[in-house]
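Protein sequences appear in the order of chains A and B.
Residue 827 is where the first sequence starts when you use my numbering, and the numbers rise one by one after that.
Residue 827 is where the second sequence starts when you use my numbering, and the numbers rise one by one after that.
Note that beta-carbon positions come from the ideal geometry of N, C-alpha and C, so glycine has one too.
Note that this is a predicted model, so its numbers are computed, not measured.
For reference, the structure discussed in these notes is given below.
Protein chains: 2
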Amino acid sequence: MTLATRTQLISPFYVVEILGQVEKLEQQGVDVIRLFVGEPDFATPPAIIEAAKEALTHQSQGYVNSTGILELKQAIAERYQRWHGVSLDPNRVIITPGGSMALQLAFLATLNPGDEVLLPEPGYPCNKNLLHTVNAVGVPVYLEADQGMQLTLDALEKALTDKTKAVLIASPSNPLGSVMSKEQWQQVMQFCQQHSLQLIADEIYHGISFDGLAPSLLEVTQDGWVLQSFSKFYGMTGWRLGWLVAPENAVEACERIAQNLFLSSPVLAQQAALVGFQPEVEQLCFDRVAEIKRRRDFLMQTLPALGLNILANPDGAFYLYIDISAYSKDAKAFCADLLEKAGVAVTPGLDFGGPNPDSCIRLAYTVGIDRLQQAVDRIEHYLKTLTA
Amino acid sequence: MTLATRTQLISPFYVVEILGQVEKLEQQGVDVIRLFVGEPDFATPPAIIEAAKEALTHQSQGYVNSTGILELKQAIAERYQRWHGVSLDPNRVIITPGGSMALQLAFLATLNPGDEVLLPEPGYPCNKNLLHTVNAVGVPVYLEADQGMQLTLDALEKALTDKTKAVLIASPSNPLGSVMSKEQWQQVMQFCQQHSLQLIADEIYHGISFDGLAPSLLEVTQDGWVLQSFSKFYGMTGWRLGWLVAPENAVEACERIAQNLFLSSPVLAQQAALVGFQPEVEQLCFDRVAEIKRRRDFLMQTLPALGLNILANPDGAFYLYIDISAYSKDAKAFCADLLEKAGVAVTPGLDFGGPNPDSCIRLAYTVGIDRLQQAVDRIEHYLKTLTA
Chain A
827 MTLATRTQLI SPFYVVEILG QVEKLEQQGV DVIRLFVGEP DFATPPAIIE AAKEALTHQS
887 QGYVNSTGIL ELKQAIAERY QRWHGVSLDP NRVIITPGGS MALQLAFLAT LNPGDEVLLP
947 EPGYPCNKNL LHTVNAVGVP VYLEADQGMQ LTLDALEKAL TDKTKAVLIA SPSNPLGSVM
1007 SKEQWQQVMQ FCQQHSLQLI ADEIYHGISF DGLAPSLLEV TQDGWVLQSF SKFYGMTGWR
1067 LGWLVAPENA VEACERIAQN LFLSSPVLAQ QAALVGFQPE VEQLCFDRVA EIKRRRDFLM
1127 QTLPALGLNI LANPDGAFYL YIDISAYSKD AKAFCADLLE KAGVAVTPGL DFGGPNPDSC
1187 IRLAYTVGID RLQQAVDRIE HYLKTLTA
Chain B
827 MTLATRTQLI SPFYVVEILG QVEKLEQQGV DVIRLFVGEP DFATPPAIIE AAKEALTHQS
887 QGYVNSTGIL ELKQAIAERY QRWHGVSLDP NRVIITPGGS MALQLAFLAT LNPGDEVLLP
947 EPGYPCNKNL LHTVNAVGVP VYLEADQGMQ LTLDALEKAL TDKTKAVLIA SPSNPLGSVM
1007 SKEQWQQVMQ FCQQHSLQLI ADEIYHGISF DGLAPSLLEV TQDGWVLQSF SKFYGMTGWR
1067 LGWLVAPENA VEACERIAQN LFLSSPVLAQ QAALVGFQPE VEQLCFDRVA EIKRRRDFLM
1127 QTLPALGLNI LANPDGAFYL YIDISAYSKD AKAFCADLLE KAGVAVTPGL DFGGPNPDSC
1187 IRLAYTVGID RLQQAVDRIE HYLKTLTA
């Protein structure tokens, strides 16, 4: 019996391969510095853990409304007011089982088979694969180093065809860490309106930015789609909870899709996540962001001196996207070698696409500065062996 | 900006409409007997709740493998050995965020746009809608009362076209409660092999059956797809945890899809669900099944005397599908009236399709016998007003 065609189109991730190599090395007793997974090293805040225990004792763990519990939708809407000065109807907030499902929901609501979506690259590798699940097509729009890895309207324009239906932009970006300014959102939104395109903003790293809060697409339009997650800022990766802000006229359709696609998001996670909006828990999360910023600053001060060129301005998330062309044009081999010889695990650019994946790596700074110092020392030593 | 075509194809559920009416009545102080939602009235077993609290204290809530934690896959495989005498490679078990996502995963792995799937009707209303998410098409195969609502190969044969790609069968069935025998599974599997069709078994009500364990498709073939859920038997509806057993040759593709579609299933739910396989917790769940059986027996003894004809043999799940044609040919109006005048909430057949949805209702016996007695009294009184 043959499988669906899309099973041949959905690519595996190199990061999974690296994970296998890392685990093998660690089992052999090798000390590996893990800088390859997109997961903060901070555990779920204690107050959220405690709230979950309370909910287990006192609240039902049965089905709830497919679009989520009302208090949580209200807390999210209220945060947009507080963070972005945007008034948002809580009904437009659809709670989802993780940010991936928020993206899937936006795709299902907007895309017909064959529709094309413009994807700035390098970008999050799941996007293209997820488009295959709805039989749509991701069209890469390359971000060029000589443009500072900034998205230009020119590049978008060139990628347009009569099948283009949407543009998907992440801010802060994975793997670049770059952040869209309000002006940039405005420009892209105008472009989308001009060409009747849906604009989908991936804001799952929101909260984790180093130069004030990253502007939300909601600050410039109420007609776009915004997806979000509790995973990164609130340290709730394994809980699988996210949300989608849909345009008013799409809310009812999204609700129908949600009823069929996932019925209900994890209830305990919803009950616990509510606590994340309390001032002291939010402060704890921002304190963590301050620590993440210190790590970034440390790496920005040390890596370029090694001849490693950091692409874009990494003003958010916890990634550096690094040009290694001074040392290698085969990032996959470089990563395998760096792991084996120096015990430092990073991800090759191949997972993220873009114009030069073979000469780029992604470094996730999800360990403390002491450990990062060790990593820098090891990388320096390894690079010396290459030029020796 | 127009939405995707599928947003017009995905139908809403009448049960959601009923929920709205019920909540309105209850807010007015009306006592409503709720027999309309597919959720057992038993809370999550205390041992599972306690295990979750323990895990919150001692275990990480970060990402885990996309296909689930190994111990859980092993416990599930071991249960197939214990319950069905089937030896199953744990790698074929893919943990999913709820049974819906297990079905979605099976669809994504097997169906191209335009492919047709044969769906016995009356059946679970999400199936047809979920098929729209992958741009495939559900083709109803009517179960007829004069055949005892049994699926026949004849009926399957008649529905075949050159686009038919799969058959999806639920056992125990929602809304019928009927159970496939091992011989029936064998016959349908042979039919599928003969016509090169994928066979997908929805076994999410497994464990809840009254005449011994319902046979699993895995007892007759290793080439089919089996979907399951922790929601019903283990009383974990709001936790969103299920699993898919995939054929060997599809496991790797399913893993790639899972990585992109949902990344990871809820971790706490996985850690807690492990306890469900302990003998004393499993026994508690079977004690609950015995109680569900007593309720069914009570209704089977009382409803037919009121001129309400119970269709099929309800040997599993917790539903009766009832022919009300002696009283009404407009089940939707009947349900609205029964709710308003008698305070009994059931679901009209329209949600489940089939040959005669307008003269059928589904009753979910998810309340205790005292309360069911009250419901029967109210229904009897209401029916008398119709014939008065």
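Nonlocal neighbours in the same chain, by C-beta distance under 8 angstroms from residue i, ignoring five residues either side
i	result
residue 1046(B)	1008, 1011, 1012 and 1015
residue 845(A)	862 and 863
Inter-residue spacing [alpha-carbon to alpha-carbon] between residue i and residue j
i	j	result
residue 834(A)	residue 961(A)	13 angstroms
residue 952(B)	residue 1188(A)	41 angstroms
residue 1160(A)	residue 1123(A)	24 angstroms
residue 1041(B)	residue 1099(B)	23 angstroms
residue 855(B)	residue 848(B)	11 angstroms
residue 836(A)	residue 1078(B)	11 angstroms
residue 1132(B)	residue 841(B)	24 angstroms
residue 1165(B)	residue 1141(B)	27 angstroms
residue 1182(A)	residue 1157(A)	10 angstroms
residue 945(A)	residue 1135(A)	24 angstroms
residue 1193(B)	residue 891(A)	21 angstroms
residue 919(B)	residue 1092(A)	21 angstroms
residue 934(A)	residue 930(B)	13 angstroms
residue 1116(A)	residue 1110(A)	10 angstroms
residue 993(A)	residue 943(A)	5 angstroms
residue 1050(B)	residue 978(B)	19 angstroms
residue 1024(B)	residue 1163(A)	44 angstroms
residue 870(B)	residue 1119(A)	42 angstroms
Nearest candidate by alpha-carbon position, reference residue i, set the options
i	options	result
residue 1065(A)	840(A), 874(A), 854(A) and 849(A)	874(A)
residue 1002(B)	861(B), 847(B), 838(B) and 1138(B)	1138(B)
residue 1096(B)	1163(B), 1134(B) and 882(B)	882(B)
residue 1186(B)	1177(B), 1048(B) and 915(B)	1177(B)
residue 1144(A)	865(A), 1108(A), 851(A) and 831(A)	865(A)
residue 1059(A)	1036(A), 1074(A) and 1080(A)	1036(A)
residue 913(A)	870(A), 1198(A) and 1071(A)	1071(A)
residue 1043(B)	1027(B), 1054(B) and 1055(B)	1027(B)
residue 1184(A)	1128(A), 1073(A) and 1147(A)	1147(A)
residue 936(B)	948(A), 827(A), 1049(A) and 1017(A)	827(A)
residue 889(A)	886(B), 1062(B) and 958(B)	1062(B)
residue 932(B)	1196(B), 1052(B), 1167(B) and 1168(B)	1052(B)
residue 983(B)	971(B), 1154(B) and 1017(B)	1017(B)
Beta carbon proximity, residue i to chain B, threshold 8 angstroms
i	result
residue 930(A)	yes
residue 849(A)	no
residue 1186(A)	no
residue 952(A)	yes
residue 859(A)	no
residue 1043(A)	no
residue 889(A)	yes
Residue-level contact to chain A via CB, residue i, 8 angstroms cutoff
i	result
residue 1139(B)	no
residue 1155(B)	no
residue 899(B)	no
residue 1051(B)	no
Element boundaries [beta strand (DSSP E), containing residue i]
i	result
residue 1190(A)	1186 to 1190
residue 955(A)	No beta strand (DSSP E) contains residue 955(A), which is instead part of the alpha helix (DSSP H) from 952 to 959.
residue 885(B)	Careful: residue 885(B) lies outside any beta strand (DSSP E) and carries neither H nor E.
residue 1028(B)	1024 to 1028
residue 936(B)	No beta strand (DSSP E) holds residue 936(B); the alpha helix (DSSP H) holding it covers 925 to 936.
Per-residue contacts from residue i into chain E (C-beta, under 7 angstroms)
i	result
residue 966(A)	The question asks about chain E, but that chain is absent: this structure's protein chains are A and B.
Span of the alpha helix (DSSP H), counted from its first residue to its last, around residue i
i	result
residue 846(A)	840 to 853
residue 1127(B)	1105 to 1128
residue 1237(B)	The question about residue 1237(B) has no answer here: the residues shown for chain B are numbered 827 through 1214.
residue 1224(B)	There is simply no residue 1224(B) to check, as chain B begins at 827 and stops at 1214 in what is shown.
residue 1182(B)	Element bounds for residue 1182(B): n/a, residue is neither H nor E.
residue 963(B)	Note, residue 963(B): premise wrong, no alpha helix (DSSP H); beta strand (DSSP E) at 963 to 968.
residue 1054(A)	Per DSSP, residue 1054(A) belongs to no alpha helix (DSSP H); it is in the beta strand (DSSP E), 1051 to 1055.
residue 1163(A)	1157 to 1168
residue 1205(A)	1195 to 1213
Contacting residues, own chain, Cβ-Cβ under 7 angstroms from residue i (five flanking each side not counted)
i	result
residue 1201(B)	859, 861 and 1170
residue 1198(B)	1121, 1124, 1125 and 1191
residue 975(B)	969, 1002, 1004, 1137 and 1138
residue 898(A)	921, 1096, 1099 and 1100
residue 1215(A)	The structure shown does not extend to residue 1215(A), since chain A is modelled only from 827 to 1214, so the question has no answer here.
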